[in-house]
Amino acid sequence: MSQKHQEDLLHIRSMMERSSRFISLSGLSGIFAGITALIGGAYIYMLFSKYGIDYLTAERRVYNIELIKELIVTALLILIFAVSFGIFFTVRKSKKNNLPVWTSSSKNLLFNLALPLLIRGIFCTAFLYHNLIAFIAPATLIFYGLALINAEKYTFSDIKYLGISEALLGCLSLFLLGKGLFFWMFGFGILHVFYGIILFKKYK
Numbered sequence: 033m034s035q036k037h038q039e040d041l042l043h044i045r046s047m048m049e050r051s052s053r054f055i056s057l058s059g060l061s062g063i064f065a066g067i068t069a070l071i072g073g074a075y076i077y078m079l080f081s082k083y084g085i086d087y088l089t090a091e092r093r094v095y096n097i098e099l100i101k102e103l104i105v106t107a108l109l110i111l112i113f114a115v116s117f118g119i120f121f122t123v124r125k126s127k128k129n130n131l132p133v134w135t136s137s138s139k140n141l142l143f144n145l146a147l148p149l150l151i152r153g154i155f156c157t158a159f160l161y162h163n164l165i166a167f168i169a170p171a172t173l174i175f176y177g178l179a180l181i182n183a184e185k186y187t188f189s190d191i192k193y194l195g196i197s198e199a200l201l202g203c204l205s206l207f208l209l210g211k212g213l214f215f216w217m218f219g220f221g222i223l224h225v226f227y228g229i230i231l232f233k234k235y236k
């Protein structure tokens, strides 16, 4: 009888979790998003070399308009690929587990994730407008981390720890301005792959 009660409680807990949290988030999304960020970061590093900028040693850098345009296009492509991987693997996991994708939980997740990211976009646009490019990488990491922390209550709790790691990394990069690309690659690349593997193994 005790065993049956325990199974019933687990079943009820599972149903409540499915109704309140979006559990179709796939660890593979994080892994492939991280790989995309690493490839994109490597390409950006080569862009600097193409324009005669030694990113490792240069303390003061002058970014001409053509380089800035290429950086923006590259960043947008990285974002598009990362989001596409996220959608693809999430939909695939939902279908595999016979779970709906578009639910109140997924809507809440997207809203709580999107709001800080929208503000981040405004911040970074302002930095670009005032030619404060060195602050863009720290801002993207900090606001992305806050977005994950904000959205954690609607999905796996592990996301919170990724958010904290991203935000702290962004804060650290504020004290090492000029090396933002490496912090950006570590945060969006390596940390994404690391946490993606954890989520994949834990919730596959």
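If you use the working numbering, the sequence shown corresponds to residues 33 to 236, in order.
Glycine included, C-beta positions come from ideal geometry on N, C-alpha and C.
Computed from a prediction, not measured in an experiment: that's the story for all the values here.
Open item on the list: In this structure, how does DSSP classify tryptophan 134 when only helix, strand and coil are distinguished?
Closed with: coil
- [ ] Compare the C-alpha of isoleucine 119 against each of Asp190, Leu57, Cys203 and name the closest.
- [x] The shortest C-alpha to C-alpha distance from isoleucine 119 to any of Asp190, Leu57, Cys203 is the one to Leu57.
Task: Own chain, CB closer than 8 Å to threonine 68, minus 5 neighbours either side, in chain order - done: Ile110, Phe113, Ala114, Phe117
Open item on the list: Here's a check: name, in chain order, each residue in its chain whose Cβ is nearer than 7 Å to the Cβ of leucine 141, leaving out the five neighbours to either side.
Closed with: Excluding positions up to five away in sequence, the list reads Phe54, Ala183, Tyr186, Thr187.
Task: Between the CA atoms of asparagine 144 and aspartate 190 - distance to the nearest angstrom - done: Answer to the nearest angstrom: the Cα atoms are 16 Å apart.
TODO: Report the option in Ile230, Phe232, Lys211 whose CA atom is closest to the CA atom of tyrosine 77.
DONE: Lys211
Open item on the list: Only counting the same chain, and skipping five residues up and downstream in sequence, which positions put a Cβ closer than 6 Å to that of leucine 149?
Closed with: Around leucine 149: Ala179.
Open item on the list: I'd like to know whether the C-beta atoms of leucine 121 and leucine 194 end up nearer to each other than 8 Å.
Closed with: According to the sequence displayed, residue 121 carries phenylalanine and not leucine. Result no, Cβ atoms of phenylalanine 121 and leucine 194 do not sit closer than 8 Å.
Task: Assigned secondary structure, phenylalanine 232 (DSSP; H/G/I helix, E/B strand, else coil) - done: helix
Open item on the list: Output needed for leucine 88: all residues of its chain with C-beta closer than 7 Å, excluding positions within five of it in sequence on either side, in chain order.
Closed with: none
TODO: Would you give the residue range spanned by the alpha helix (DSSP H) that lysine 192 belongs to?
DONE: 190-205
Task: Proximity to lysine 192 [Cα-Cα], best of Lys125, Leu70, His224 - done: Put simply, of Lys125, Leu70, His224 the residue whose alpha carbon is nearest the alpha carbon of lysine 192 is His224.
Open item on the list: Taking the straight line between their C-alpha atoms, what separation do you get for alanine 74 and phenylalanine 64?
Closed with: 15 Å
Task: For leucine 57, the three-state DSSP class (helix, strand or coil) - done: In this structure, DSSP gives leucine 57 a state outside helix and strand, which the three-state scheme calls coil.
TODO: Mark tryptophan 216 as exposed unless 16 or more other C-beta atoms lie within 10 angstroms of its C-beta, in which case mark it buried.
DONE: buried
Open item on the list: Quick check on the burial criterion: 16 or more other C-beta atoms within 10 angstroms. Buried or exposed for glycine 228?
Closed with: buried
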